[in-house]
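Q:
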Amino acid sequence: MALRRASTTGGCAGRGRSEPPRSAPGRAGAAPPLGWRVPPSSGAGSGRRAASGPPGSEGASVERAASSMEPAGGVEKGDSGEKAGNGHAEGAEESGGAGGGGGGGRLRGCRGFLRRNALVVLTVSGVVAGVALGAAVRGAALSPAQVAYLAFPGELLLRMLRMVILPLVVCSLVSGAASLDTRSLGRLGGIAVAYFLGTTLLASGLAVALGFIIRPGAGAAALNTPGLGLPGAAPPSKKTVDSFLDLVRNLFPANLVAAAFRTYVTEYKTVLRNTTSGNVTVEKIPVGNEIEGMNILGLVLFALVLGVALKKLGREGEDLIRFFNSFNEATMVLVTWIMWYVPIGIMFLVGSKIVEMEDIVLLVTSLGKYIFASILGHFIHGGIILPLIYFASTRQNPYRFLLGLITPFATAFATCSSSATLPSMIKCIEENNGVDHRISRFILPIGATVNMDGAAIFQCMAAVFIAQLNNVDLNAGQIFTILVTATASSVGAAGVPAGGVLTIAIILEAIGLPTNDLSLILAVDWIVDRTTTVVNVEGDALGAGILNYLNEKDKKEKEQELKEVSVEAVANSKSEEETSPLVTHKNQVSNATSTADPESKESVL
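The sequence shown begins at 1 in full-length UniProt numbering and counts up by one.
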């Protein structure tokens, strides 16, 4: 009776236990059945006997279930708790305890939720408090110096976030590239580049389509420019060729130390030339110059190549890889500390920005269609298109994935900087969404530099807006130029506030539109740039989630192949290690090999 019961239930019970397999019949002190062999080393005190059951599936089930059968006279408890046979009693006890303390359980659950999501709740509360603070202080007529004092806590937050960008980008990329093998690095890098280019092109096309549907520039030619408080001079225009040449030059910085705080740009020097006929011609000569600003493109490329080189060195590069790994972990600890200051800094950043605006009502009524079209494009791309791409790639709920990233989204909304959001994004995507740190620290710094979906929407919408403002009908060639130029120029856009405004001048120059109307874009940039940054970091996060899913899927397939191969090998070895005297083999194995695996010895009886 005991053997029949074991053969039906032992298969699951034996696999469910975490302790090592035992080869013993279920009852302690009971005599073994006929045909089982008991080694002399097994004592009665242990309550376990090594046995070798008859061949076939039934005997194998007896042998597997022997270690999980209860001893006579009690219930055995192992590493994983009580037996499955006692599950009904345990379930009754648990349900009774839950019914008795229902109110206390709900209270404890609420406290646990608040404890786990304290940073998210505080960050959202900081944004709301900042709006309330700005609305309350606007009536006080603060001087510019007082507004600067009000923005001081927010300025501290920006300085702390920018402080950790350099070590975070360099160390995370070096350790990420060194931890991935060359095949995985090339595969993931190819998928990331395809994802970045594809989503940016979709964003550019969406912005152009919305621009032609909504027509934000129609009827806006009579804008009250002096009343809006617009800046007097637009940023200087630059030739499209020189812009792309600057992009390539910044990929290869001449000085790595200088690249940490300076970047290369092309400026123009005006030269007057006298011709032989007496006429004077004005010529603009491009001149290179270094301006203030971190050259993240050059640092990203150098860190990637350095990580691959350290991987190729083998043992000689392990010490330096461990150094970068330790540096990266220490930087993440600093980020954790900084994140608790984010709610306070966000509150004063938002409040001071609201106080700075002179006439918000006039600004919104004059440029309301442009603001609405830009934010609508960001909502459609970030709320529908990007989640659909994530769902099509992973078959998982994208909004559950985005729910764990509320804190970096709030940081992006308040700081308008994808680079400043990078530390909190890496921390939250690893802790809340379980993305492999090798994937997140490899792809997110690259995405913060080259993936600018929100910026592409903002730039294309601005180009269509200025074209309609000047009554210029865009043809198919100009639309194609806008799409390609916006996709390419968003790669080199700086991840800082108002970084995309300068790249709009490249698009306008490429399609032959004047750059004087850029002052209108600058007037509302502080509003549109917030949703722009949120969409930028959302695209980076969903790309990291897709890459993590594909990497895990590939890893599981490889493990399954290895498992199938090992199972086949074990079955063949067991068939060759039969030790029954009634079975003979041509190639006998040694006694040492046959005694190493006692479970594989099966009797023909």
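Ideal Cβ placement from N, Cα and C applies to all residues, glycine included.
Nothing here was measured: the structure is a model prediction, and the numbers come from that model.
So, helix, strand or coil for residue 432, using DSSP?
A: Looking at residue 432 - three-state DSSP - the assignment turns out to be coil, as it is neither helix nor strand.
Q: By how many angstroms is the C-alpha of residue 288 removed from the C-alpha of residue 245?
A: Taking the CA atoms as reference points, residue 245 sits about 11 angstroms from residue 288.
Q: State the Cα-Cα distance for the pair residue 97 and residue 105, rounded to the nearest angstrom.
A: No answer about residue 97 holds up, because its pLDDT of 46 lies below 50 and its placement is not dependable.
Q: Buried or exposed: residue 46, going by 16 or more other Cβ atoms within 10 Å of its Cβ?
A: In this predicted model, residue 46 has a pLDDT of only 40, less than 50, meaning its place in the structure is not dependable enough to derive any value.
Q: Tell me whether residue 397 is buried or exposed, calling it buried when 16 or more other Cβ atoms sit within 10 Å of its Cβ.
A: Around the C-beta of residue 397, fewer than 16 other C-beta atoms lie within 10 Å, and the residue is accordingly described as exposed.
Q: Beta carbon of residue 406, beta carbon of residue 547: below 7 angstroms?
A: In this structure, residue 406 sits away from residue 547, with a CB-CB distance that is not shorter than 7 angstroms.
Q: Residue 288 lies in the beta strand (DSSP E); which residues open and close that run?
A: 280-292 is the span of the beta strand (DSSP E), which, as asked, contains residue 288.
Q: Thinking C-alpha only, which one of 301, 239, 250 and 513 is nearest residue 268?
A: The shortest Cα separation from residue 268 among 301, 239, 250 and 513 belongs to 239.
Q: With respect to the alpha helix (DSSP H) encompassing residue 355, which residues constitute its N-terminal and C-terminal limits?
A: 342-356
Q: At which residues does the alpha helix (DSSP H) containing residue 187 begin and terminate?
A: 182-214
Q: Using only the alpha-carbon positions, how far apart do residue 447 and residue 273 sit?
A: Roughly 46 angstroms between the two C-alpha positions.
Q: Check the DSSP bridge columns for residue 266 and list the partner residues they point to.
A: 288
Q: Given a cut-off of 7 angstroms, decide if residue 177 and residue 304 are closer than it, judged by their beta-carbon atoms.
A: yes
Q: Pick helix, strand or coil for residue 405, following the three-state DSSP scheme.
A: Taken through DSSP and simplified to helix, strand or coil, residue 405 comes out as coil.
Q: Is the separation between the beta-carbon of residue 283 and that of residue 265 shorter than 7 angstroms?
A: In this structure, residue 283 keeps its C-beta atom at 7 angstroms or more from the C-beta atom of residue 265.
Q: To the nearest angstrom, report how far apart residue 527 and residue 371 are at their CA atoms.
A: 8 angstroms
Q: Which whole-angstrom value describes the C-beta separation of residue 456 and residue 200, a residue pair presumed to lie in contact below a C-beta threshold of 8 angstroms?
A: A Cβ-Cβ distance of about 5 angstroms is found for the pair residue 456 and residue 200, placing them in contact under the 8 angstroms criterion.
Q: In whole angstroms, give me the CA-to-CA distance for residue 218 and residue 469.
A: 6 angstroms
Q: How about residue 330 and residue 440: are their beta carbons less than 7 angstroms apart?
A: No, Cβ-Cβ distance for residue 330 and residue 440 is not below 7 angstroms.
Q: Roughly how many angstroms lie between the CA atoms of residue 554 and residue 485, to the nearest whole one?
A: A straight line joining the alpha-carbon of residue 554 with that of residue 485 spans about 35 angstroms.
Q: With 16 as the cutoff for other CB atoms within 10 Å, does residue 214 come out buried or exposed?
A: buried
Q: So, residue 175 versus residue 391, is the Cβ gap smaller than 7 angstroms?
A: The answer is no: Cβ separation not under 7 angstroms.
Q: Under the DSSP definition of a beta bridge, which residues are partnered with residue 273?
A: 281
Q: Within 10 Å of its beta-carbon, does residue 280 have 16 or more other beta-carbons around it, so buried, or fewer, so exposed?
A: exposed
Q: Alpha carbon to alpha carbon, how far is residue 615 from residue 130?
A: There is no way to answer for residue 615, as the model of the chain reaches only from 1 to 605.
Q: Does the beta-carbon distance from residue 535 to residue 378 come in below 7 angstroms?
A: yes
Q: Are the CB atoms of residue 160 and residue 338 within a distance shorter than 7 angstroms?
A: yes
Q: Compare the Cα-Cα distances from residue 520 to each of 144, 257 and 461 and report the closest residue.
A: The residue with the shortest Cα to Cα distance from residue 520 is 461.
Q: Taking CB distances under 7 angstroms as the criterion, tell me whether residue 128 reaches chain B.
A: No chain B appears in the structure shown, which is made up of a single protein chain.
Q: What does the alpha-carbon distance come out to for the pair residue 116 and residue 340?
A: 13 angstroms
Q: Please classify residue 326: is it buried, with 16 or more other beta-carbons within 10 angstroms of its beta-carbon, or exposed?
A: exposed
Q: Using 8 angstroms for Cβ pairs, my map puts residue 416 next to residue 533. What's the rounded Cβ distance?
A: The beta carbons of residue 416 and residue 533 sit about 5 angstroms from each other, so the pair counts as a contact at 8 angstroms.
Q: What does the alpha-carbon distance come out to for the pair residue 158 and residue 418?
A: 12 angstroms
Q: Since residue 607 contacts residue 449 with CB under 8 angstroms, what's their CB separation in whole angstroms?
A: Outside the shown range of the chain, which is 1 to 605, sits residue 607, and nothing can be said about it.
Q: What's the C-alpha gap between residue 229 and residue 319?
A: Note that residue 229 has pLDDT 45, beneath the 50 cutoff, so the model's placement of it is unreliable and no number is given.
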